[in-house]
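Notes follow the structure.
In this note's numbering, the protein residues as written are 15 to 64.
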């Protein structure tokens, strides 16, 4: 994978994480402590970059 492709994937992943982080259902899960947002977000991004 070329550096520019990695950057494009990262940017795409970042935008998806931002959308998830602002989702009301996600915020409710965080408030109920049913998920750990930092580790979940990072693992999602890592999986996308594979």
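Note that beta-carbon positions come from the ideal geometry of N, C-alpha and C, so glycine has one too.
Could you give the distance in angstroms between the alpha-carbon of residue i and the alpha-carbon of residue j?
i, j, result
"residue 24", "residue 15", "12 Å"
"residue 41", "residue 20", "29 Å"
"residue 44", "residue 30", "17 Å"
"residue 34", "residue 46", "16 Å"
"residue 22", "residue 36", "21 Å"
"residue 32", "residue 48", "19 Å"
Three-state secondary structure (DSSP) at residue i?
i, result
"residue 30", "helix"
"residue 16", "coil"
"residue 25", "helix"
"residue 37", "coil"
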